[in-house]
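Novice: Starting off with a structure, shown below.
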Amino acid sequence: MTLKLYNTLSRKKDEFTPIDAKNIRMYVCGPTVYDRPHLGNARSVVVYDVLYRLLCHLYGKDHVTYVRNITDVDDKINAAAKANGEPISALTQRIEGFFHEDMAALNCLLPNKEPHATAHIPQMVAMIEKLIAGGHAYVAEGHVLFSVSSYKNYGALSGRKLDDLIAGARVEVESYKREAGDFVLWKPAEAGDDPSSVFPSPWGAGRPGWHIECSAMSSQYLGDHFDIHGGGADLMFPHHENEIAQSCCATPHSQFANLWVHNGFLTVNGEKMSKSLGNFTTVKDLLDKGVKGEVIRLALLSAQYSKPLDWNDKLVEDAKKTLDKWYQILRRHSREGGNPQETGMPDSIGMTAYLGAICDDMNFPKAFSLMHSASPEELRMMGAVLGILQQNPEDWFKGFGADYSRELRADIKNAIDEVNSKQAEIISLIDARIAAKKSKNWAEADRIRKELLEQGIILEDKPDGTTDWRRA
Ligand SMILES: [Zn+2]
2 MTLKLYNTLS RKKDEFTPID AKNIRMYVCG PTVYDRPHLG NARSVVVYDV
52 LYRLLCHLYG KDHVTYVRNI TDVDDKINAA AKANGEPISA LTQRIEGFFH
102 EDMAALNCLL PNKEPHATAH IPQMVAMIEK LIAGGHAYVA EGHVLFSVSS
152 YKNYGALSGR KLDDLIAGAR VEVESYKREA GDFVLWKPAE AGDDPSSVFP
202 SPWGAGRPGW HIECSAMSSQ YLGDHFDIHG GGADLMFPHH ENEIAQSCCA
252 TPHSQFANLW VHNGFLTVNG EKMSKSLGNF TTVKDLLDKG VKGEVIRLAL
302 LSAQYSKPLD WNDKLVEDAK KTLDKWYQIL RRHSREGGNP QETGMPDSIG
352 MTAYLGAICD DMNFPKAFSL MHSASPEELR MMGAVLGILQ QNPEDWFKGF
402 GADYSRELRA DIKNAIDEVN SKQAEIISLI DARIAAKKSK NWAEADRIRK
452 ELLEQGIILE DKPDGTTDWR RA
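Heads up, the sequence shown is in our numbering, so the first residue is 2 and it goes up one at a time.
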């Protein structure tokens, strides 16, 4: 099966040809840890989680290296820590914990390496020194700046013209910049900066620019030439353009990343998500409202990944209905004696068509349409590639609360006790209702059914007189 991905750099769907099929290397820009992840952040993480799962499926898990950084030094972090009145390290550790918690609730796998920017300052300093030595960067007023005019291919990724960027008629230019498009590699510390955001360098104490972080960390873990670089469309310019300029100038003749993948924007009810519009939604907001992590995941995957995705209530409802339907198929299959963990033949006609859709620039809408006509065994296998449908169907319908795994992590023992005692309570009420029906006490049976419904429990009466249940 040939994987094709839309390559922002070549502006076409490129066939993916690994540099080394035994060591596929992918770098994705990770979070700047100053605020809890919102739905736009989550879309990007989920999209690259699927790409990672797909690469593992095609080449074997041991042959894929996925690196996603943590940006834990940045102006936004300094500003947020100051606003909260807390030390930077307390803020970054807390937000990183939230990031991991929320992405785990969306069933995202951890990357193979998750390097922190603050642990790679010497590598960044070394790269900046190379750029200065090569005539691509200059020191001015305690700053080190990259000279965009020193790199003739600058603008190739985003399609912007170097001349326009140099002139920069529309942007306010700091006095220490030679040209408007020049960007910061190193900036000096300011009076009152938290010491944990200040690092020594040959140009004085300060901190690195954001762009150099990704160039230094990708080079450290993946080398100067690797397969795939991913991130949100909002990072294409200037972040990714600047990464390419830095890496290609620090290591002349290197190609940096072969394939550039960008996921589309996320809007909420047709509007840009922003705090000022009051539609800023974090993953945690939704989990707290009782939306299951897997429902959020499916909703985030429902559009073609590179296209914009509009988030609204109907999208969430549809994702829940679809998952309920698929889990119902899996539940029926396992109750009829099928093994709930059983998977289909990897080369079945359905599975081949499905993989063909996923390998065609991750055509999720087509893949979902094929899942609607799949056998139960195929369904489980198809779901594995997308990171859905891997729960026990009984847990899907009966698991307590919005996100079972999240509650388990919060307090494992309490959560299990709570689930067990709640389930025991439901079962004893169902038994009482069966007894009431047997003694023809219809009013009591109906009262119990309503009581359970108020708790969000739906009863399913079977022809053989037994009653099953599930959560609404
Ligand atoms: Zn980056």
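Ideal Cβ placement from N, Cα and C applies to all residues, glycine included.
Would you please state the rounded distance, in angstroms, between the beta carbons of I25 and Y60? I believe it to be under 8 Å.
Specialist: What you label residue 25 is simply residue 24 of the sequence shown in a count that begins at 1. What you label residue 60 is simply residue 59 of the sequence shown in a count that begins at 1. At roughly 5 Å, the Cβ-Cβ gap stays under 8 Å, so I25 and Y60 are in contact.
Novice: Is it true that the segment 190-199 meets the segment 216-224, where meeting means three or more beta-carbon pairs spaced less than 8 Å apart?
Specialist: no
Novice: Return the chain-ordered list of same chain residues with a C-beta closer than 7 Å to the C-beta of K399, the five sequence neighbours on each side being excluded.
Specialist: Position 398 of the sequence shown, counted from the start, is the residue given in the question as residue 399. Around K399: Q424, R471 and R472.
Novice: If contacts are defined as beta-carbon pairs under 8 Å, then V51 and L453 qualify, I think. What distance do you get, rounded to the angstrom?
Specialist: Indexing the sequence shown from 1 puts residue 51 at position 50. Indexing the sequence shown from 1 puts residue 453 at position 452. Actually they do not touch by this definition, with Cβ atoms about 37 Å apart.
Novice: On a Cα-Cα basis, can you pick out the residue from R381, R336 and G338 that is closest to M352?
Specialist: In the sequence shown, the residue the question calls residue 352 occupies position 351. When each option's Cα is compared against that of M352, the closest is R381.
Novice: Relative to the alpha-carbon of E47, which residue among C215, E395, F100 and F238 has its alpha-carbon at the smallest distance?
Specialist: Your numbering for residue 47 matches position 46 in the sequence shown. A small fix is needed here, since residue 47 is Val in this sequence, not Glu. Closest option to V47, Cα to Cα, is F100.
Novice: Is N264 near ligand 1, with its Cβ less than 8 Å from a heavy atom?
Specialist: Position 263 of the sequence shown, counting from 1, holds the residue named residue 264. False, no ligand heavy atom lies under 8 Å from that Cβ.
Novice: Taking all protein chains shown into account, do 16 or more other C-beta atoms lie within 10 angstroms of the C-beta of D73, making it buried, or fewer, making it exposed?
Specialist: What you label residue 73 is simply residue 72 of the sequence shown in a count that begins at 1. The residue is buried, with at least 16 neighbouring Cβ atoms inside 10 Å.
Novice: Excluding sequence positions up to five away, which residues of its chain have a Cβ less than 7 Å from the Cβ of A433?
Specialist: The residue labelled residue 433 in the question sits at position 432 within the sequence shown. I449.
Novice: Straight-line CA distance for I245 to Q305?
Specialist: Translated into positions along the sequence shown, residue 245 becomes position 244. Translated into positions along the sequence shown, residue 305 becomes position 304. Their backbone Cα atoms lie some 26 Å apart in a straight line.
Novice: Could you check if G233 belongs to the surroundings of ligand 1, using beta carbon to heavy atom distance under 8 Å?
Specialist: Translated into positions along the sequence shown, residue 233 becomes position 232. Because no heavy atom of ligand 1 lies under 8 Å away, the Cβ of G233 does not count as near it: no.
Novice: Can you tell me whether G384 is buried or exposed, with buried defined as 16 or more other CB within 10 angstroms of its CB?
Specialist: Within the sequence shown, the letter at position 383 stands for residue 384. Buried is the call here.
Novice: Considering just the uninterrupted stretch of the alpha helix (DSSP H) at T323, what are its terminal residues?
Specialist: Position 322 of the sequence shown, counting from 1, holds the residue named residue 323. Per DSSP, T323 belongs to the alpha helix (DSSP H) from D314 to R336.
Novice: With distances taken Cα to Cα, identify the nearest neighbour of E307 among A217, A157 and D361.
Specialist: If you number the sequence shown from 1, residue 307 lands on position 306. According to the sequence displayed, residue 307 carries Ser and not Glu. Nearest option by C-alpha distance: D361.
Novice: Apart from the five residues on each side of it in sequence, which residues of its chain come closer than 8 Å, Cβ to Cβ, to C249?
Specialist: The residue given as residue 249 occupies position 248 in the sequence shown. Once the five neighbours on either side are set aside, the close Cβ partners of C249 are Y152, N154, S255, Q256 and F257.
Novice: Three-state secondary structure (DSSP) at G402?
Specialist: Numbered from its first residue, the sequence shown carries residue 402 at position 401. Any reading at G402 must be qualified, since the residue scores a pLDDT of 44, below 50, and its modelled position is unreliable; no value is offered.
Novice: Give me the Cβ distance between G156 and W204, rounded to the nearest whole Å; I'm assuming they're in contact under 8 Å.
Specialist: Counting from one through the sequence shown, the residue named residue 156 turns up at place 155. Counting from one through the sequence shown, the residue named residue 204 turns up at place 203. That belief does not hold up - the Cβ atoms of G156 and W204 are roughly 27 Å apart, past 8 Å.
Novice: Residue ranges of each alpha helix (DSSP H) run of no fewer than 4 residues wholly in the segment 358-394, ordered along the chain?
Specialist: 365-372 and 377-387
Novice: Report the option in T467, D15, R161 and V140 whose CA atom is closest to the CA atom of S176.
Specialist: Numbered from 1 along the sequence shown, position 175 holds the residue referred to as residue 176. Selected option, being the one with the closest Cα: V140.
Novice: Using the C-alpha atoms, what's the distance from D103 back to W327?
Specialist: Looking up residue 327 in the sequence shown gives position 326. Looking up residue 103 in the sequence shown gives position 102. The straight-line gap from Cα to Cα measures roughly 24 Å.
Novice: I need the straight-line Cα distance from L356 to A120, nearest angstrom please.
Specialist: Taking the first residue of the sequence shown as 1, we reach residue 356 at position 355. Taking the first residue of the sequence shown as 1, we reach residue 120 at position 119. Approximately 39 Å between the Cα atoms of the pair.
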